[in-house]
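Here the sequence shown is numbered in my numbering, starting from 253 and rising by one per residue.
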Amino acid sequence: MLLCFCLPGLTAFAQKKNAAYQYHIKRAAAAIKIDGVVDEADWEHADSAANFFLVLPMDTSFAKVKTTVKMTYDNNNLYVVAICYGGLPGQNMVESLKRDFNFGKNDNFLLFMDPFDARTDGFSFGANAAGAQWDGTMYEGGKVDLSWDNKWTSEVKNYPDRWVWEASIPFKSIRYKKGIREWGINFSRNDLKSTEKSSWAPVPRQFPTASLAYTGTLVWDEEPPVASSNVSVIPYALAGLTKDYQTKTPTDWRKDIGGDVKIGLTSSLNLDLTVNPDFSQVDVDQQVINLNRFELFFPEKRQFFLENGDLFANFGYADIRPFFSRRIGLNAPIRFGTRLTGKINKDWRVGVMDVQTGQTGINNLPGQNFGVVTLQRRVFSRSNIGIMFINKDATGSAPSPGNTTPGYNRNIGVEYNLASSNNLWTGKFLGLKSFSPGVTGHDYVQAAHLQYLSKYWTLYLQQQYVGSNYNAEVGYVPRRGYNKLSPLLLHNFFPKTGSVLIHTLQLSSNYFFDEHFKRTDNESILSYIITFRNRSQLWFSGGDTYVKLLRPYDPTNIGKGNLPIGFESHWNTADVQYISKPQSVFTYVAEASYGGYYDDGTKLTLTGQLGYRFQPYVNIAVNASYNDLRLPQPYGRNSFWLIGPRTDVTFTNNLYFTTFVQYNEQARNMNINTRLQWRYRPASDVFIVYGDNSIPSPFMVKNRQLTVKWTYWWNI
253 MLLCFCLPGL TAFAQKKNAA YQYHIKRAAA AIKIDGVVDE ADWEHADSAA
303 NFFLVLPMDT SFAKVKTTVK MTYDNNNLYV VAICYGGLPG QNMVESLKRD
353 FNFGKNDNFL LFMDPFDART DGFSFGANAA GAQWDGTMYE GGKVDLSWDN
403 KWTSEVKNYP DRWVWEASIP FKSIRYKKGI REWGINFSRN DLKSTEKSSW
453 APVPRQFPTA SLAYTGTLVW DEEPPVASSN VSVIPYALAG LTKDYQTKTP
503 TDWRKDIGGD VKIGLTSSLN LDLTVNPDFS QVDVDQQVIN LNRFELFFPE
553 KRQFFLENGD LFANFGYADI RPFFSRRIGL NAPIRFGTRL TGKINKDWRV
603 GVMDVQTGQT GINNLPGQNF GVVTLQRRVF SRSNIGIMFI NKDATGSAPS
653 PGNTTPGYNR NIGVEYNLAS SNNLWTGKFL GLKSFSPGVT GHDYVQAAHL
703 QYLSKYWTLY LQQQYVGSNY NAEVGYVPRR GYNKLSPLLL HNFFPKTGSV
753 LIHTLQLSSN YFFDEHFKRT DNESILSYII TFRNRSQLWF SGGDTYVKLL
803 RPYDPTNIGK GNLPIGFESH WNTADVQYIS KPQSVFTYVA EASYGGYYDD
853 GTKLTLTGQL GYRFQPYVNI AVNASYNDLR LPQPYGRNSF WLIGPRTDVT
903 FTNNLYFTTF VQYNEQARNM NINTRLQWRY RPASDVFIVY GDNSIPSPFM
953 VKNRQLTVKW TYWWNI
């Protein structure tokens, strides 16, 4: 319980690591045209950020591939130009023109902006060498949430010896505090041909270039302009039809209108309103073969929940989330919602959310109101203390007798997040308490972890306790009534010459005990990882697993009967995986795992991912997995295929077509999802979405949907 308090001195007001790296930005005297041509006089007079430091493959020198960055601004926009000179001969490596591309598979330039210079959160913008845009919000000191989408413009122009990215970012699109004249800033360049990743302010190789602990400083020649009004209205109109072939009901014709409003209460505090929201254009989840005893996690993708979403979604741990927004609107439509998020000042962040769902007769549920309040206070240099309160209340009677939904469920929590000034030490201490009708005792959570991350060593230790009566109805807590201990030890070896960049040895374990500290299950994995200089990787792993069932479980998850409570199994597994180098137009991942399974059975798992790109317009990917289970009767032999081909066609960086097919043998379902998106203006779109679910053998259509949706982003 005291893990996160054992190193308080590590965070005590340490000076910013890269404070000496300063970029002085000056106001533009004339208009800047966004065309990828650096011919305005203001660019000639602007300060230059150059001499980038190498981050990968090793952080011991300057980058050989040259990059120059310049910035300026006017009353409405921040302007950035990045001149990315070529390294080795040959075409630039990109996947496609698709927005929010995979960082590791594209030649790209990114900027990381921390307007409060708090080194904890901010914004990221950039593009790949073909002009595909990247934008996201930053959280936890170096992570980027690419689900965030905002209104800005950019252009990439290619020359024989370089490519140039020029961008205009409206001050309305970012959150900052009036009067702050020093922002955190860093620039990152990824060049796959030379395998170089570099940054303007130096970043140790074990951290991402997005690490805000290592930003330089953007120094304004005067106070940054504050927009006189910052209101965005985003209406939508929708028409669609749905046909359910299983129930043989008539075709359901749908017509809907609704929308969102974004109001900048201050330059750093934003109010979001939504009425009758629709999320039909959201990308479908990638399916998996489910051989898990506990609920699977799928990420939130709906736009309303995304800005400053880390305040809500990242409270706790990946397997202990008191708030999980996908619980809202799961079985009932969202009628309206309100979110107030942002920063009060450099040290305080706030998030307030209220969402109302409608009554539904299908699931016998009344309307529900979901209220969340979270507050985060920065302490020391980069650490913070956060509190959260979650309330779920029924707001009406059930539409039919027999409803068993509790009248309310509430959670309150506090956490301390440790982050040292140099990011070597990180940790967390978490406490949660739930409140439900008629429940007392064993209804709380206590968890903590501490990590040390250097170039050579990673040391990690986590501890968790989740009470058997802890109840987070608006959260994601797949397991209750346990104590957990999870250590990890990793060491890197760096050869001086040869094709191998790093040898890595890693040992990790997860030990679970019941509330009386009697062991229930554990898993330990020893891995040997080879990272080559061309960025390909080879993994060898061996695992040891023990499980004592605490509830009945079907090891096939297809309804063949359950193993009883108390049933014990112990097995070993061997695994090998290879990840190809990202520089090729043809990439692949191959993995094979074989070992024991429940009830003295065996399991063979083969997974793979193939990708081919016709630069920059077409990217084809195929994910596939095969599981072969051999168990005693009544289970016998069971094999499951999961195949998911996906094609992304980007005609331009404003017109995209995606087709995603998923065949899941375990679920006996084949899903087809196609989407045409035309971004006719910045952040304004027309979508045509088609979905189809079928039983593959014998082939029978279950349902089909076709939706046409129009959205418009209007800045007032």
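From the three backbone atoms N, C-alpha and C, an ideal C-beta is built for every residue, glycine too.
Beta-carbon separation of residue i and residue j under 9 Å?
i: glutamine 385; j: glycine 374; result: no
i: serine 519; j: arginine 427; result: yes
i: alanine 584; j: glycine 619; result: yes
i: arginine 506; j: threonine 839; result: no
i: leucine 521; j: glycine 436; result: no
i: leucine 790; j: isoleucine 777; result: no
i: threonine 857; j: tyrosine 878; result: yes
i: serine 821; j: tyrosine 849; result: yes
i: glutamine 267; j: serine 673; result: yes
i: alanine 419; j: valine 333; result: yes
i: phenylalanine 364; j: alanine 462; result: yes
i: threonine 372; j: glycine 561; result: no
i: asparagine 380; j: asparagine 360; result: yes
i: leucine 525; j: phenylalanine 439; result: no
i: tryptophan 400; j: asparagine 344; result: no
i: asparagine 762; j: lysine 800; result: no
i: proline 897; j: methionine 922; result: no
i: valine 483; j: glycine 516; result: yes
By the DSSP assignment, the beta strand (DSSP E) with residue i in it spans what residues?
i: glutamate 296; result: Taken as a continuous stretch (DSSP letters only), glutamate 296 belongs to no beta strand (DSSP E), being part of the alpha helix (DSSP H) at 293–297.
i: phenylalanine 912; result: 907–916
i: alanine 565; result: Alanine 565 -> not in any beta strand (DSSP E); alpha helix (DSSP H) instead, spanning 562–565.
i: isoleucine 586; result: 586–595
i: leucine 858; result: 853–866
i: tyrosine 932; result: 921–933
i: glycine 603; result: 600–609
i: lysine 800; result: 789–800
i: phenylalanine 622; result: 620–631
i: proline 739; result: 734–745
i: leucine 705; result: 696–705
i: valine 290; result: First-last for valine 290: undefined, no H or E at that position.
i: leucine 330; result: 329–337
i: isoleucine 277; result: 274–279
i: glutamine 716; result: 709–718
Have a look at the DSSP bridge pairing and note the partners of residue i.
i: arginine 771; result: Phe765
i: isoleucine 664; result: Phe641, Lys685
i: methionine 390; result: Gly374, Val396
i: glutamate 448; result: Asp443
i: serine 946; result: Met922, Val953
i: serine 891; result: Asp880
i: methionine 310; result: Paired residues: none, contrary to the question.
i: threonine 749; result: Paired residue(s): none; threonine 749 is not in a bridge.
i: alanine 301; result: Val321
i: asparagine 360; result: Asn380, Asn442
i: proline 897; result: Val874
i: aspartate 366; result: Gly436
i: tryptophan 677; result: Tyr704
i: serine 1006; result: Residue 1006 lies beyond the range of the chain shown here (253 to 968); nothing can be said about it.
Are there any heavy atoms of the ligand ZN lying less than 8 Å away from the beta-carbon of residue i, as far as the coordinates show?
i: glycine 896; result: Among the components of this structure there are no ligands whatsoever, and the ligand ZN is therefore not found.
Start-end ranges of the beta strand (DSSP E) lying completely within the region 805–844, minimum 3 residues: 820–831
Beta strand (DSSP E) runs wholly inside the region 393–443, at least 3 long, in chain order: 395–397, 405–411, 414–422, 434–443
In chain order, each alpha helix (DSSP H) run of at least 4 residues that lies wholly inside the region 471–530: none
Segment contact, 8 Å Cβ cut-off, at least three pairs: the region 264–281 with the region 438–455: yes
Sufficient close CB pairs (3 or more, under 8 Å) joining the region 903–913 to the region 921–933: yes
Cβ contact check for the region 930–938 and the region 466–474: 3 or more pairs under 8 Å: no
Stretch-stretch touch, CB-based, cutoff 8 Å, three pairs: the region 564–577 with the region 725–735: yes
Stretch pair the region 807–814 + the region 829–838: three plus CB contacts closer than 8 Å: no
At least three beta-carbon pairs within less than 8 Å, the region 293–303 to the region 320–327: yes
Segment contact, 8 Å Cβ cut-off, at least three pairs: the region 891–907 with the region 856–874: yes
Three CB pairs or more closer than 8 Å across the region 665–672 and the region 635–643: yes
Contact the region 699–716 vs the region 555–574: 3+ CB pairs below 8 Å: yes
Three or more C-beta pairs below 8 Å linking the region 496–514 and the region 938–954: yes
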